[in-house]
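Numbering (UniProt numbering), first residue to last: 1 to 302.
First comes the structure, then the notes that go with it.
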């Protein structure tokens with residue numbers, strides 16, 4: 001097959017691809033015309049700015065201790081008060097927020113990417129490839145994810161939080177991969193896929209250049225919603241001591257510590273809990289608005 005023929009096949013696929021600049025402009029326009037989308041985007045942007053720029057506004061670091069102020073209420077010295085260890089609540093909360101956002105984003109991206117690859121391979125090749133991949137998918141669906149992550153929690157100590165992200169992502173992709181598989185089976189019968197196969201384009205190139213890009217709307221929305229799922233899962237695991245391990249902190253570990261003193265020192269609990277709620281709400285608003293932007297009929301049918 002000549003280079004010209006291959007480029008022609010890719011152009012045929014590009015006609016159908018939904019990731020083109022014009023399509024992105026249309027989707028962005030729909031998203032920002034939605035009040036829900038604007039609110040979600042503004043809140044999420046504010047959360048990221050607070051988490052990553054906010055610590056530079058305070059003289060206290062998350063590892064610093066003020067031994068003259070234990071469980072001190074909010075003041076000019078400690079804007080959000082202190083913990084019973086003398087740590088500044090503002091500093092440790094934003095550090096925990098940073099870690100939770102990073103874990104949520106990475107786990108969502110890895111999980112959605114895995115779902116895209118597994119589902120596309122299973123739906124395109126079918127046969128033994130499909131049976132093998134779907135058997136693995138079904139197996140992971142029935143495994144108790146929380147229990148497995150809890151058992152592996154000692155491995156997450158000493159800064160091994162990237163391993164925690166990978167294990168968390170391992171349990172986020174199965175349902176989406178089944179949807180991708182079904183859509184790939186339908187997509188492979190389209191004319192531009194037939195044209196690419198007829199012209200001898202390699203199956204791997206068809207999957208990664210034509211099939212997966214044509215599923216980008218599903219994958220983008222899924223990745224967005226997986227962020228909130230990953231943040232909540234990480235928070236739940238860290239709450240019970242199975243997630244991010246000391247000396248590092250996350251929102252889950254901070255909420256667990258703050259719950260012990262929430263009655264008589266509410267600042268140790270409610271600042272972190274409130275930011276968690278706002279963050280998850282913002283991510284869900286963005287995800288719902290993206291879904292409506294990619295498929296306007298979905299909103300009318302709800």
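For each residue, glycine too, the CB sits at the ideal point set by N, CA and C.
Owing to the predicted nature of the structure, the values given are computational and were not obtained by experimental measurement.
- Residue pairing by DSSP leaves residue 132 without any beta bridge partner.
- Comparing alpha-carbon positions, the option among 154, 25 and 107 lying closest to residue 173 turns out to be 107.
- For the pair residue 238 and residue 250, the CB atoms are nearer than the 7 Å cut-off.
- At a Cβ-Cβ threshold of 7 Å, residue 268 and residue 252 do not count as neighbours.
- In the assembly as shown, residue 98 is a buried residue. Its beta-carbon has 16 or more other beta-carbons within 10 Å.
- The alpha carbon of residue 260 has as its nearest neighbour, out of 47, 143 and 84, the alpha carbon of 84.
- For residue 68, DSSP records no beta bridge to any residue.
- In terms of Cβ geometry, residue 221 and residue 120 do not form a close pair [threshold 7 Å].
- For residue 226, the closest C-alpha among the options 80, 280 and 188 is that of 280.
- For residue 82, the secondary structure class from DSSP, reduced to helix, strand or coil, is strand.
- Between the C-alpha atoms of residue 89 and residue 163 there is a straight-line separation of about 27 Å.
- Here DSSP, grouped into helix, strand and coil, assigns residue 76 to coil.
- Closest in alpha carbon position to residue 270, among 202, 255, 24 and 236, is 255.
- The alpha carbon of residue 122 has as its nearest neighbour, out of 93, 136 and 146, the alpha carbon of 136.
- Residue 88 is bridged by DSSP to 82.
- Boundaries for residue 250: no alpha helix (DSSP H) harbours it, and the DSSP string shows neither H nor E there.
- Residue 263 counts as exposed, since fewer than 16 other beta carbons sit within 10 angstroms of its beta carbon.
- Under the three-state reduction of DSSP output, residue 93 falls in the helix class.
- In this chain, the alpha helix (DSSP H) harbouring residue 224 covers 216-239.
- Boundaries of the alpha helix (DSSP H) harbouring residue 285: 267-294, taken from the DSSP string.
- Membership of residue 176 in the alpha helix (DSSP H) is indicated by the continuous run 174-187.
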